[in-house]
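> Residue numbers (this note's numbering), protein chains in the order written: chain X, 1 to 464; chain E, 465 to 630.
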Amino acid sequence: MKTLRKIWKWFDDRTGTTEAINPLADHLVPPDANWLYVFGSATLFCFILQVVTGLALAFLYQPSTGPAYESLKYITYQAHFGHFLRGIHYFGASAMILLVGIHMIRVYLMAAFKYPREMSWISGSILLVLTVTMGFTGQLLRWDSNGIWSAIVGAEQAGRIPFFGKAVARIFLGGETITGLTVSRFFSIHVFLIPAMLFALIGLHLYMVVRNGISEPPKTGNKVDPANYRKWYQKMLKDKGVPFWPNAGWRDLAFGVLVILVIVILSLIVGPPEIGKPPDPTDIYANPRPDWYFMWIFALFALMPREIESVAIAFSPVILGIVLILLPLINNKGERSPLRRPWAIAIVTIIVTMVASFWYIGQKSPWSPAFQTKPLSQEVIGNVSTNARDGGDLFYKKACIYCHTVSGYGGKRGPDLSYVGSRLTSEQITIKIVNGGGNMPSFGASLTGKDLNDLTTFLLTRKK
Amino acid sequence: MKNDLNMDSRRSFIIKLLGISGGILAIIISIPVIGVFLEPLARKKPEMWRSVGNVDKFKTGETVLVDFPNSSSLPWTGTVSKTASWLRRVSDTQFIAFSVHCTHLGCPVHWLPDAEIFLCPCHGGVFNKDGSYAAGPPPKDLSQYPVRIEKNEVQILASPIPITTL
Ligand code: FES
């Protein structure tokens, strides 16, 4: 014990560790910082967790288009700890995205982005984008069938960028198609490029917390005035400030430990996401779905009006970026309390509700054709005329069933036709089938007169 | 005094010189680094005719899935180096090769032979048998690859993944 202490003393003297850390640990922070202040540091804990587990996974992963998938299977089913590591890396990523979002909402609601912390907000916004990019590239590196199709979907989205769209898509894929260079490209981006940027920006983000201090919890009527805020803040710290460690820091530590504990438990119990079918661009029976944190965007793509969609894909990121950067610049003084900024609460409520509902509906994706549905059984078709029975068979054969439900069987893209016979006349049904409309194609050309007649007869039998 | 001044200006000259040469070196090193990142743009567009089978294999009026090595495969690419296409024989001499990629966001469309439509699993886009837009979110018709008949073989021009632009 004594020797250890001696060694530490020597080390500390030569390196100045305590000298460097003490001022950070002791620096004064506002006394009333509370549990709402822990999300940023928890994100940081997750980031460190991602770096460490990512490092371990990189020992096992083969970053090449050909063998990547097999190596992922190896990691998951054979390598010691592989399953666990992948689990942590997945839940760590999920937690990081979730926490970054909550942290941002907290900062926005408390208007902590106002003077002098504008750059904290701007660097934080860039960190958000980088974190999300990490999530996306990580999902691609899984390189199963979902991975390659997500890569193509990503390239198609990039394609909507005005003028440079095609070029950006090519740079992203590493070629004109998926090539031998695609996965190594994603790997470099996910493992070197973005993490390097993350390290730099996190450094800046943290340094600014030290330089400008933790924003005090807003008090109604306590307006930020750039002319004397710093002076006021220093005085407030001097009068009532408490040392960061342990008075405020213990909460960060406690919450961070809790988050990591939950991640570890989830990766033990739930485990990493399933690996899908092998990556094969000729296997068209793939059903690409993004990880949960992109589900709402997936839904947005399905539901956005077709006319504005391309423009929206191209310009919404730009507009979002401009809004995020301008927010603290044009709105850097005055009231901070959310009680006096009702529109801030409104904006957050609207965005959260929107994302949540798109997420929910994305989970169900009713617009996706129900390819797995079987033909309607005789039982469902019921005891009806021969024509109607043929119509019931056609209902499956002509793919109506992929989008329409009859008595609980079928897809949800179009209206439920279980009781269509009570709703529409034979004429109305025929017209609808022949012409289509909305999201329904016209079937006039691909149905014979008898087919059309049978289908209509069948649908007319579907009554309450 | 005079000497000092001389020293000063000499020193600042050397520092400037060092700064400039450092800058030039940085540029020289960045060129290949950024170059590798942008290299996919410089690579010449690979296009190759690929046989997908004898003409007689395909029946008039039918649409079938064919696959062939894509145009930019490298030796280690494995199964991922293949591309699929929906090949439709329109008449004795006319074939159409549709890209399997939905023009909305690139998901693989399914051909439903009885209903004679292409249906997209992602957001429910629909195309007619001639590839024209029928319903759902896609902004335009299904893309096509050039096809030709050579020595009684159907050949498709393996081309880049069609990217829908604004
Ligand atoms: S990708 Fe086909 S409908 Fe969206």
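We treat Cβ as the ideally placed atom computed from N, Cα and C, and that holds for glycine.
What in chain E is Cβ-close to residue 157 of chain X, meaning under 8 Å?
For this step, residue 157 of chain X is matched to residue 157 along the first sequence. Chain E residues near residue 157 of chain X: 569.
> Just curious, the beta strand (DSSP E) that residue 79 of chain X is in, first and last residue?
The sequence position of residue 79 of chain X within the first sequence is 79, counting from 1. Looking at the DSSP string, residue 79 of chain X is not in any beta strand (DSSP E), and its letter there is neither H nor E.
> DSSP state of residue 499 of chain E, grouped into three classes?
Position 35 of the second sequence, counting from 1, holds the residue named residue 499 of chain E. The answer is helix: DSSP assigns residue 499 of chain E an H, G or I state.
> By the 8 Å beta-carbon criterion, what residues does the stretch 534-568 of chain E contribute toward chain C?
Absent here is chain C; the protein component of the structure consists of chains X and E.
> Pull up the distance between the alpha-carbon of residue 82 of chain X and that of residue 74 of chain X, whole angstroms please.
Stepping through the first sequence from its first residue, residue 82 of chain X is reached at position 82. Stepping through the first sequence from its first residue, residue 74 of chain X is reached at position 74. Spanning the two alpha carbons is a distance of roughly 8 Å.
> Ends of the beta strand (DSSP E) at residue 360 of chain X?
Working through the first sequence from its first residue, we reach residue 360 of chain X at position 360. Element bounds for residue 360 of chain X: not the beta strand (DSSP E) but the alpha helix (DSSP H), 342-364.
> Indicate, with yes or no, if the ligand FES has a heavy atom lying under 6 Å from the CB of residue 243 of chain X.
Locating residue 243 of chain X in the first sequence gives position 243, where the first residue counts as 1. Answer for residue 243 of chain X: no, Cβ out of range of the ligand FES.
> Residues in the stretch 360-382 of chain X with C-beta within 7 Å of chain E's C-beta atoms, listed in sequence order?
Going along the stretch 360-382 of chain X in chain order, one finds 367, 368, 369 and 371 with a Cβ nearer than 7 Å to chain E.
> Under a Cβ-count criterion, where at least 16 other Cβ atoms within 10 Å of its own Cβ denotes burial, should residue 134 of chain X be classed as buried or exposed?
Your numbering for residue 134 of chain X matches position 134 in the first sequence. Flag for residue 134 of chain X reads buried.
> Measuring alpha carbon to alpha carbon, tell me which residue in E:546, E:558 and E:588 is nearest residue 303 of chain X.
Here residue 303 of chain X corresponds to residue number 303 of the first sequence, with the count starting at 1. Residue E:588 is the option with its Cα nearest to residue 303 of chain X.
> What in chain X is Cβ-close to residue 599 of chain E, meaning under 7 Å?
As a working note, residue 599 of chain E is residue 135 in the second sequence. Correct list: 436, 439, 440 and 441.
> Tell me the rounded alpha-carbon separation between residue 246 of chain X and residue 25 of chain X.
One-based indexing of the first sequence puts residue 246 of chain X at position 246. One-based indexing of the first sequence puts residue 25 of chain X at position 25. So the alpha carbons of these two residues sit roughly 8 Å apart.
> Which residue comes first and which comes last in the alpha helix (DSSP H) that contains residue 531 of chain E?
Residue 531 of chain E sits at position 67 when you count from the first residue of the second sequence. Here residue 531 of chain E belongs to no alpha helix (DSSP H); instead the beta strand (DSSP E) covers 527-533.
> Check whether the Cβ atoms of residue 46 of chain X and residue 112 of chain X lie closer than 7 Å to each other.
On the first sequence, position 46 is the one that residue 46 of chain X refers to. On the first sequence, position 112 is the one that residue 112 of chain X refers to. Taking 7 Å as the Cβ cut-off, residue 46 of chain X and residue 112 of chain X do not qualify as a contacting pair.
> From the DSSP secondary-structure annotation, give me the bridge partner or partners of residue 619 of chain E.
Residue numbering aside, residue 619 of chain E sits at position 155 when the second sequence is read from its first letter. Note: residue 619 of chain E sits in a beta bridge opposite E:515 and E:612.
> Determine the contact status of residue 69 of chain X and residue 278 of chain X, defining contact as a CB-CB distance below 7 Å.
Locating residue 69 of chain X in the first sequence gives position 69, where the first residue counts as 1. Locating residue 278 of chain X in the first sequence gives position 278, where the first residue counts as 1. Result yes, Cβ atoms of residue 69 of chain X and residue 278 of chain X sit closer than 7 Å.
> I'd like to know if residue 133 of chain X contacts chain E, where contact means its C-beta is closer than 7 Å to some C-beta of that chain.
Stepping through the first sequence from its first residue, residue 133 of chain X is reached at position 133. So, not an interface residue.
> At a cut of 8 Å, does the stretch 605-618 of chain E reach the stretch 425-439 of chain X through at least three beta carbon pairs?
Not touching, per the Cβ criterion.
> For residue 528 of chain E, collect the residues of the same chain with a Cβ closer than 7 Å to its Cβ; drop the 5 residues on either side in sequence, then sort them by chain order.
Numbered from 1 along the second sequence, position 64 holds the residue referred to as residue 528 of chain E. Answer for residue 528 of chain E: 522 and 551, listed in chain order.
> Return the residues of the stretch 388-401 of chain X that lie within a Cβ-Cβ distance of less than 7 Å from chain E, sorted by chain order.
Against chain E - using a Cβ distance shorter than 7 Å - the residues of the stretch 388-401 of chain X are 397, 398 and 399.
> Tell me, to the nearest whole angstrom, how far the beta carbon of residue 290 of chain X is from that of residue 183 of chain X; I am working on the premise that it is less than 8 Å.
Against the first sequence, residue 290 of chain X aligns to sequence position 290. Against the first sequence, residue 183 of chain X aligns to sequence position 183. With 8 Å as the limit, residue 290 of chain X and residue 183 of chain X do not qualify as a contact, their Cβ atoms being about 18 Å apart.
> Of all the residues that make up the stretch 139-164 of chain X, which are near chain E by a beta-carbon distance shorter than 7 Å?
Listed by position, the residues of the stretch 139-164 of chain X near chain E (Cβ gap below 7 Å) are 148, 149, 152, 153, 155, 156, 157, 159, 160 and 162.
> According to DSSP, is residue 548 of chain E helix, strand or coil?
For the purposes of this step, residue 548 of chain E is identified with residue 84 of the second sequence, where counting begins at 1. Residue 548 of chain E falls in the strand class under three-state DSSP.
> Can you tell me the Cβ-Cβ gap for residue 608 of chain E and residue 514 of chain E, rounded? I've got them flagged as a contact below 8 Å.
The sequence position of residue 608 of chain E within the second sequence is 144, counting from 1. The sequence position of residue 514 of chain E within the second sequence is 50, counting from 1. With 8 Å as the limit, residue 608 of chain E and residue 514 of chain E do not qualify as a contact, their Cβ atoms being about 15 Å apart.
> Excluding the 5 residues flanking residue 334 of chain X on each side, which residues of the same chain have their C-beta closer than 7 Å to its C-beta?
The count along the first sequence starts at 1 and reaches residue 334 of chain X at position 334. Same-chain partners within the cutoff: 223 and 224.
> Considering only heavy atoms of the ligand FES, does any lie closer than 6 Å to the CB of residue 574 of chain E?
The residue you call residue 574 of chain E lines up with position 110 of the second sequence. No, Cβ of residue 574 of chain E sits at least 6 Å from all heavy atoms of the ligand FES.
> Is residue 400 of chain X a contact residue of the ligand FES, with contact defined as CB to any heavy atom under 6 Å?
In the first sequence, residue 400 of chain X corresponds to position 400, counting from 1. Every heavy atom of the ligand FES is 6 Å or more from the Cβ of residue 400 of chain X, so no.
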